[in-house]
Amino acid sequence: MHAAQLSRQEFVELKVDGQGMVVEGLHLDRCSFVMCDLGTDDPDLSRVVRNVTVSRCVFNGCDVKGVYLDEVTVSNLKIRGWGRLFACVLRHVTLSGQVSGTLSVFPPGRWWDAERRAWLDEAIADAYRKVDWALDVSGAEFLDVDLRHVPGHLVKRDPETQFLLRKEALDGLDLGHFGPHARGFLAALADSPFDSMVAVAPKRSALFPNIFEDLEELRKLGLAE
4 MHAAQLSRQE FVELKVDGQG MVVEGLHLDR CSFVMCDLGT DDPDLSRVVR NVTVSRCVFN
64 GCDVKGVYLD EVTVSNLKIR GWGRLFACVL RHVTLSGQVS GTLSVFPPGR WWDAERRAWL
124 DEAIADAYRK VDWALDVSGA EFLDVDLRHV PGHLVKRDPE TQFLLRKEAL DGLDLGHFGP
184 HARGFLAALA DSPFDSMVAV APKRSALFPN IFEDLEELRK LGLAE
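Counting in my numbering, the sequence shown tops out at residue 228, every number present.
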């Protein structure tokens, strides 16, 4: 069965949701999404995106909430405003090529109550226990990226500029001794429900030399891999 193909189309304020929803078998090429949402403000991880390819698309102010992303390939992504994933699970998601703008993978949002966030944290952790690898960013060049809500040991990375941080290294550590970028990554790891995360020195950022220097210092001290 061939994947459905959408090319050069624009979607504005599109909301895609529905309990048990499955979006499957799509190839999106040079499409534009403006202020679109995928998922729900009341997630239960029953929404699934599977076997989808995204190439040379633009996302402007878009959110993905509580979705299980499975076998998704994204290349040369352009983000305007923001591109945010909240409370999502990734399995075999590959990002490659140039990724412009700010891409963030966040924990459950504060607009959910504490009970719902705790339930989601446990459900997400349980889902990741069944995943052999979550995300491959080894071939991606970022402008700005935050991977705080993906278990670092499940991320395929370029070890030259994409660093693995482990929570066990934080024991007794005084974050005040490190540069501002290192402190930010370590603080995010301390707040994470996972034992590891990947910190990226984004090659396309003007701040790349500073971020890389901070992370390389952590590696020299045995605090990053």
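The beta-carbon is built from N, C-alpha and C at its ideal position, and this holds for glycine as well.
Quick check on the burial criterion: 16 or more other C-beta atoms within 10 angstroms. Buried or exposed for Arg11?
exposed
In three-state DSSP terms, what is Trp122?
Reduced to three states, the DSSP call for Trp122 is helix.
Taking 9 Å as the threshold (C-beta atoms), are Val51 and Phe14 in contact?
no
In whole angstroms, what separates the C-alpha of Ala128 from that of Phe197?
8 Å
Reducing DSSP to helix, strand and coil, say where Asn79 ends up.
coil
Taking the alpha helix (DSSP H) that Val223 belongs to, which residues open and close that run?
A small correction: the amino acid at residue 223 is Lys; Val does not occupy that position in the sequence shown. That run of the alpha helix (DSSP H) goes Phe211 to Lys223.
Since Lys68 contacts Glu144 with CB under 8 Å, what's their CB separation in whole angstroms?
Contact flag wrong, Cβ pair sits at about 27 Å.
In whole angstroms, give me the CA-to-CA distance for Val77 and Leu176.
Straight across, the Cα-Cα distance linking Val77 with Leu176 is about 37 Å.
To the nearest angstrom, report how far apart Met4 and Leu29 are at their CA atoms.
Only weak support exists for where Met4 lies, its pLDDT of 42 falling under 50; the coordinates are left without a value.
Would you mind stating whether Leu178 and Ala185 have Cβ atoms separated by less than 9 Å?
yes
My output table needs one value for Leu88: the three-state DSSP class, helix, strand or coil.
strand
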